[in-house]
Every structure is written in structure tokens, then in C-alpha cells.
Amino acid sequence: MADDDPDHFIDSDDVDMPSTSSGSSRRRLAFKQPHPVLRDRPPFAPPVIMGMSLPDVDATPPDSTSNGSLIDNRPKLRKAWSYDEVCVFYEGMKIHGKDFDTIVRYMAKRKIEKSREHVKTFFFNSVKAYRALLGLAE
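Per UniProt numbering: the sequence shown = residues 1 to 138.
Okay, structure coming up:
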């Protein structure tokens, strides 16, 4: 039929060409990704075999030392301070200044358990953040 005819020219209706009259430009169509990005896909989950359970990642036994004491090599979970913890910290700062031991005792009275190192680190990180926020020189 039309394929056998050497004088047959390709009609613009026969070809799927992107239209420039649509909202997309030629450049956008040229660089459009054909497939979804890998991070948009759901994570792979291994198949569950009947009667078998996968080992828990956190269930690894802690290492032991030569004297028999146990060492836990798992990283400690760190979480951000809650709003109440921050408020009590600043109340303690207003009352006791930079006396971190007294601030720890003040926070303990309010049922907030933090070590001296936690309080000290929070203070210096706060100072660094405020200094950067306000654009102050050291």
C-alpha cells in the first residue's frame, strides 16, 4: 500500500511529533526523564518465606571483652530536645547562669534528666547557632 509506493511522502499526521503549541517547550520535552527517578520508587522488601522470619538488625549480640564485661557497639540514639526541655534549660540559665552542674540539678527537679555534657553541648551549640543567625563576629 503506502509502504510499497516510493513516491509516498510522510504525512505529518503519520508521525507523533511533540507540538510546540502545547504548554511544554521543545527543550523541556527533550530533557524529560523517561522513567521515574530511583528514589521515587518504593523500597525493595525481600519476600517472606512461610515459617521463616528475617533476623532483626538491632538483635545483634553485644561484643564481650577479655574480662567478660559486655560492650554495646550500637550507636546511641540521639533525639532533639523537646520544647519543654529547652524551656526548662533557658529558665535554669536565667537563674543560675553558666553553672552547668546547677542547671542539671534544676532540670532534674523538673523531671528532665540530662547529663552535664548534654547541657554544656546544647549551650555551646545554641550560642553558635545564634551567632550565625545574627551574623555576629567572635
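No residue lacks a Cβ here, since even glycine has one placed at the ideal position from N, Cα and C.
In this text, all values refer to a predicted model and were calculated from it rather than measured experimentally.
How is the alpha helix (DSSP H) around residue i delimited, first residue to last?
i, result
"A132", "116-134"
"A108", "100-109"
Looking at the structure shown, is residue i part of a helix, part of a strand, or coil, going by DSSP?
i, result
"I95", "helix"
"C85", "According to the sequence provided, residue 85 is Glu. The question's Cys does not apply to it. Correct three-state label for E85: helix."
"R74", "coil"
If distances are taken between C-alpha atoms only, which option among the options comes closest to residue i?
i, options, result
"K94", "F123, R74, Y83, A80", "F123"
"S115", "N73, I103, R26", "I103"
"Y83", "D101, L134, V127, I112", "I112"
Can you find the residues in the same chain that come closer than 6 angstroms, C-beta to C-beta, to residue i, ignoring five residues on each side of it along the sequence?
i, result
"R110", "V88"
"F100", "R116, V119, K120"
For residue i, I'd like the list of residues in its chain whose CB is within less than 8 angstroms of its CB, leaving aside the five on either flank, ordered along the chain.
i, result
"M107", "E85, V88, F89, G92, E113, K114, V119"
Can you check whether the C-beta of residue i is within less than 9 angstroms of a C-beta belonging to chain D?
i, result
"V86", "Of the protein chains in this structure there is only one, and it is not chain D."
Please return the same chain residues whose Cβ sits closer than 7 angstroms to the Cβ of residue i, not counting the five positions on each side in sequence.
i, result
"P81", "It should be noted that the sequence gives Trp, not Pro, for residue 81. Around W81: F122."
"K128", "none"
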